[in-house]
Each structure stands twice: as structure tokens, then as C-alpha cells.
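Asker:
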Amino acid sequence: MTFQNDIKAFEKLYKAHFQFLCLVAFQITKNRAVAEDVVQDFFIYLWGKEEQTKINVSFNAYATRAVKNLSLQYVEKYKKMELSETAKVPSEEFVEPVIFEKGSNKEAKIRELVNQIPENRRKIFISHVVDGLSYAQIAELYDISINTVKTQMKRSYAFLRSIENRDLTAMVLLFLFERW
919 MTFQNDIKAF EKLYKAHFQF LCLVAFQITK NRAVAEDVVQ DFFIYLWGKE
969 EQTKINVSFN AYATRAVKNL SLQYVEKYKK MELSETAKVP SEEFVEPVIF
1019 EKGSNKEAKI RELVNQIPEN RRKIFISHVV DGLSYAQIAE LYDISINTVK
1069 TQMKRSYAFL RSIENRDLTA MVLLFLFERW
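Everything in the sequence shown is counted per my numbering, starting at 919 for the first residue and increasing by one.
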């Protein structure tokens, strides 16, 4: 493939495949602008490395595979950046209750109970109940399976139900569902 001498051939290839490749990238990135950037990056790479690029299959198959890989690389990089940003915010801290006065005895007991949940389980529990994230979002955020999220949530609720003081347990669950 040599496009340096035939810019019209390259432009024709670009126009013929751009929309389809944007759809491929969008399926992975879920962002139109990012998908377009990924496809443009692919074509820039192709233009610059055309001498070294050997395509053994159809151009469509080659381009589709390359755009998928670039999109997956973007998502992975974005996820790492997002996780590093969330690591800066202390998520272990329980969000201040709305239904209790600050400094109340009930608020302190609720914080104490939630803080008794193991740290990783507590993060998942707070992400779902307080922050309102779905199980799928939590799984992606912490790079775990959805089944792990379900198990950790089940164990968190079981812990709260096992508390001896049933009235306090009911208040905790009511409070948490109010926030949700």
C-alpha cells in the first residue's frame, strides 16, 4: 500500500470506511468523540507507517481489528486514570446522613456499624447504597466481577441483619435506602 503518491486513493479509503470504523470504536468506548479520535488516530498511523504495514487480509478486516484494539487500549487507559482519580478521594468515609442530626448518637452508631464491615466490602457497599452505582459500574470501577459485587453486597446486608439490636439495624437499613 502506497498512499504518499496517491492522496486521492487514501482519501477515498478514509471516506469509505470512516463511519463504519467509528461505529466499531463507539461500541467499545461508548463516546462518539472518542470513537472518532480513535479512527482518526488509526488513519494517521496508517498514513505514517504505510511502508511497514503489510495487510494479509482485506482492508476492512485489518482496519476493524486495529480500531477495536485501539479502542480497548483507550478504555483500559481511561479506566486506570479514573481509578487513580478515585483513589485520591477517601471513599471509606461514610457520607454524612441527612435524616440524623450531625453528632447524634444514632449517627455515631450507624457509622460505627458500617465501619465494622471489612474495608473492601465496605467500599463496594457504600458505592452501591450511598453513591448509587450499579453492580456493573462497581465491578468495572474496582476491576472485579459482577458476581463478586453481588456476593459482597449480600454479605454486607447479612452482617447488618445479624446485629443484636434489631431497632438499630432497621434504622441503618432505612437510612441507607433513603440515600439510595
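A virtual CB, placed ideally from N, CA and C, is assigned to each residue, including glycine.
The structure displayed is predicted, hence computed values, not measured ones.
Quick check: what's the CA-CA separation for E1037 versus K948?
Answerer: Counting from 1 along the sequence shown, the entry for residue 1037 is found at position 119. Counting from 1 along the sequence shown, the entry for residue 948 is found at position 30. Their Cα atoms are separated by approximately 31 Å.
Asker: What separation, rounded to the nearest whole angstrom, lies between the Cα atoms of N1033 and S989?
Answerer: Here residue 1033 refers to the residue found at position 115 of the sequence shown. Here residue 989 refers to the residue found at position 71 of the sequence shown. Cα to Cα, the separation comes out at about 39 Å.
Asker: The alpha helix (DSSP H) spanning I1042 covers which residue range?
Answerer: Along the sequence shown, read from residue 1 onward, the residue named residue 1042 stands at position 124. That run of the alpha helix (DSSP H) goes 1037-1047.
Asker: Please work out which residues of its chain come closer than 8 Å, Cβ to Cβ, to A1076, disregarding the five sequence neighbours upstream and downstream, and give them in chain order.
Answerer: As a working mapping, residue 1076 is identified with position 158 in the sequence shown. Answer for A1076: no residue qualifies.
Asker: For R1079 and A1054, I'd like the C-alpha separation in whole angstroms.
Answerer: For the purposes of this step, residue 1079 is taken as the residue at position 161 of the sequence shown. For the purposes of this step, residue 1054 is taken as the residue at position 136 of the sequence shown. Distance between the alpha carbons of R1079 and A1054 is about 25 Å.
Asker: Going by Cα to Cα distance, which pick from Y992, K997, L964, A951 is closest to I925?
Answerer: The residue labelled residue 925 in the question sits at position 7 within the sequence shown. With distances taken between Cα atoms, I925 lies closest to L964.
Asker: For K948, which of helix, strand or coil comes out of DSSP?
Answerer: Along the sequence shown, read from residue 1 onward, the residue named residue 948 stands at position 30. The answer is coil: DSSP assigns K948 none of H, G, I, E or B.
Asker: Would you give the residue range spanned by the alpha helix (DSSP H) that L908 belongs to?
Answerer: Given that the chain is displayed from residue 919 to residue 1098, the structure contains no residue 908 and the question cannot be resolved.
Asker: If you measure between the beta carbons of S1045 and L1031, is that distance less than 9 Å?
Answerer: Numbered from 1 along the sequence shown, position 127 holds the residue referred to as residue 1045. Numbered from 1 along the sequence shown, position 113 holds the residue referred to as residue 1031. Cβ distance not < 9 Å, so S1045 and L1031 don't count as in contact.
Asker: Beta-carbon separation of L939 and V957 under 9 Å?
Answerer: Looking up residue 939 in the sequence shown gives position 21. Looking up residue 957 in the sequence shown gives position 39. Closer than 9 Å, so yes.
Asker: Where do the N-terminal and C-terminal ends of the alpha helix (DSSP H) with S1063 fall, by residue?
Answerer: The residue labelled residue 1063 in the question sits at position 145 within the sequence shown. Here S1063 belongs to no alpha helix (DSSP H), and DSSP marks it neither H nor E.
Asker: Please classify L1078: does DSSP put it in a helix, a strand, or coil?
Answerer: The residue you call residue 1078 lines up with position 160 of the sequence shown. Helix.
Asker: Rounded to the nearest angstrom, what separates A943 and I1028 at their Cα positions?
Answerer: On the sequence shown, position 25 is the one that residue 943 refers to. On the sequence shown, position 110 is the one that residue 1028 refers to. The alpha-carbon atoms of A943 and I1028 are separated by roughly 45 Å.
Asker: Are R1039 and R983 touching if we call contact CB-CB under 9 Å?
Answerer: Sequence index remark: in the sequence shown, residue 1039 carries index 121 (1-based). Sequence index remark: in the sequence shown, residue 983 carries index 65 (1-based). No.
Asker: When you compare only the Cα positions, how much space is there between Y932 and K1068?
Answerer: Mapped onto the sequence shown, residue 932 falls at position 14. Mapped onto the sequence shown, residue 1068 falls at position 150. Spanning the two alpha carbons is a distance of roughly 45 Å.
Asker: Within the same chain, show all residues whose beta-carbon is closer than 8 Å to that of Q1070, passing over the 5 residues directly before and after it, in chain order.
Answerer: Taking the first residue of the sequence shown as 1, we reach residue 1070 at position 152. If we look at Q1070 and ignore the five residues flanking it on each side, its Cβ neighbours are N1038, R1039, I1042, F1043.
Asker: Using the Cα positions of D959 and F977, report the straight-line distance between them to the nearest angstrom.
Answerer: As a position in the sequence shown, residue 959 is number 41, starting the count at 1. As a position in the sequence shown, residue 977 is number 59, starting the count at 1. Approximately 16 Å, taken between the alpha carbons.
Asker: Label V985 either buried or exposed according to how many other C-beta atoms from any shown protein chain fall within 10 Å of its C-beta, with 16 as the threshold for buried.
Answerer: Here residue 985 corresponds to residue number 67 of the sequence shown, with the count starting at 1. It is buried - the Cβ of V985 has at least 16 other Cβ atoms within 10 Å.
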